[in-house]
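Asker:
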Amino acid sequence: MKNIYAELLETLKDGKPASLNTNISAEGQAEKWIKILPGEVKADFREYYYPEERLIILGGGHVSWPLALFAEEAGFSVTVVDDRPAFANRERFPGAREVLCESFEKCFDKLQVTAYDYVVVVTRGHRYDMECLKALLSGKIPAYVGMMGSKRRVLGVKELLEKEGFDKEKIESIHMPIGLSIGALTPGEIAISIMAELIQVKRQLPVEKEFPVSDTDFRVLEKLAVEEEPHGVVTILSTKGSVPRRSGAKMIVYQDGRIFGSIGGGCAEAEVMRETLACIGTGKCKVKKIDMTKDMDEEDVMVCGGIMEVFIEG
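Numbering (the working numbering), first residue to last: 2 to 315.
(1) Inspect the beta-carbon positions of Glu198 and Gly147 and report whether they are closer than 8 Å.
(2) Excluding the 5 residues preceding and the 5 following Ala89 in the sequence, name in chain order all residues of the same chain whose CB lies nearer than 6 Å to its CB.
(3) In terms of DSSP beta bridges, what is Phe312 paired with?
(4) Since I believe Ala19 is in contact with Lys36 (beta carbons under 8 Å), could you give me their beta-carbon distance rounded to a whole number of angstroms?
(5) Compute the Euclidean distance between the alpha carbons of Thr187 and Val79, then round it to the nearest angstrom.
(6) Measuring only the C-alpha atoms, how far is Phe71 from Glu92?
(7) What are the start and end residues of each continuous beta strand (DSSP E) run of 3 or more residues lying completely inside the stretch 117-203, in chain order?
(8) Using a threshold of 8 Å, state whether the C-beta atoms of Ala69 and Ala31 are closer than that.
(9) I'd like to know whether the C-beta atoms of Glu270 and Lys290 end up nearer to each other than 8 Å.
(10) Just to confirm my understanding: we take Thr283, look at its own chain, exclude 5 residues before and 5 after, and list those with CB closer than 8 Å. What are they?
(11) Pop quiz: Val114 and Gly76 are said to be a contact at Cβ under 8 Å. What is the actual Cβ separation, rounded to whole angstroms?
(12) Whole angstroms are fine: how far does the CA of Phe105 sit from the CA of Glu132?
(13) Just list the residues that DSSP pairs Asp83 with in beta bridges.
(14) For Gly242, count neighbouring Cβ atoms within 10 angstroms of its own Cβ and tell me buried if that reaches 16, exposed if not.
(15) At which residue ranges does the stretch 2-79 contain complete alpha helix (DSSP H) runs of 4 or more residues, listed in the order of the chain?
(16) Which two residues bound the contiguous alpha helix (DSSP H) that contains Gly267?
(17) Under the three-state reduction of DSSP, which class applies to Phe219: helix, strand or coil?
(18) Skipping 5 residues on each side, what residues in its chain have a beta carbon closer than 8 Å to that of Glu300?
(19) Could you tell me the alpha carbon to alpha carbon distance between Gly180 and Ala136, rounded to whole angstroms?
(20) Just how far apart, CA to CA, sit Val302 and Thr294?
(21) Taking Gly267 as the reference, give the member of Tyr50, Gly249, Arg47 and Gly307 with the closest Cα.
(22) Using the Cβ count rule (16 or more neighbours within 10 Å means buried), how would you classify Val120?
(23) Please go through the same chain and pick out, in chain order, the residues whose beta-carbon is closer than 6 Å to the beta-carbon of Val202, but skip the five residues on each side of it.
Structure, rendered in structure tokens:
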């Protein structure tokens, strides 16, 4: 029988949004199945998933290296493209999901850019930047496109793209110069400014989605898809008030007390872990309400100040 999380990841990798649906039986056991979106089903609760947000870095130079590291830590699936073997290899980008040594002209056939992607153009020259921007503007527009360059260079790029007939509104949607204005100078600082802008766009200007998005850490889903060691899973079903994670966030709990992923840390995790450890190996599940607003002093308010409902599976 295929692992439900492996099936979910396969569906998402095919570019299909999906819901993971759960019913709880009278015996306290969970029945799960996947439904490709759109479309609703009757279930005790549903988690909505969209294809993983991929950061495509076009150019493998000095800014790309720290940017890839920061992006991986922020939860992006990173793909790096460069036509130079010295700049497009696993030794340089060990944490990237994919490293393509390919020309910028031909790489887009392999990339298959979607509306869920974030694309950073940091090639080594104006010619290659233009190749990338033309390809991006000719296809499905990603959630984010940014290009590095001076203000003067940016004006020139915009003029050239307009002369070639590209839609002005699409051109204006490109973030150039790239990154938040923080006075960045070094490659690392520039990478941080780009990363800050990516997070800002991701959190404030998301791609329009028909269904609410789960607070997903794909690394947890990937772990669940292959995990054979006995474990329990905690999923946030709903939240109210000040909580660090939202519905859909998952945490794996192992018999020795280790965890992978998080539902927010602090008092919430400590309380839930005890009950999850007791469920491991039983096949049972339960819904638990955690009220972190009770008996708070002034110091506690900054840590735990909300209510959340979690689903515990053994």
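Note that CB positions come from ideal geometry on N, CA and C, so glycine has one too.
Answerer: Looking at the atomic coordinates:
(1) yes
(2) Gly61, Asp83, Val100 and Cys102
(3) Thr236 and Val288
(4) 6 Å
(5) 21 Å
(6) 17 Å
(7) 119-122 and 145-148
(8) no
(9) no
(10) Gly315
(11) 19 Å between Cβ atoms; not a contact.
(12) 7 Å
(13) Cys102
(14) exposed
(15) 5-14 and 65-74
(16) Gly267 to Cys280
(17) helix
(18) Only weak support is given to the placement of Glu300: the predicted model assigns it a pLDDT of 47, under 50, and the value that follows is read from those uncertain coordinates. Cβ within range, chain order: n/a, list empty.
(19) 21 Å
(20) Unreliable placement is indicated for Val302, whose pLDDT of 42 sits below 50; the coordinate value is still reported in the next sentence. Val302 and Thr294: Cα-Cα distance of roughly 8 Å.
(21) Gly307
(22) buried
(23) Tyr145
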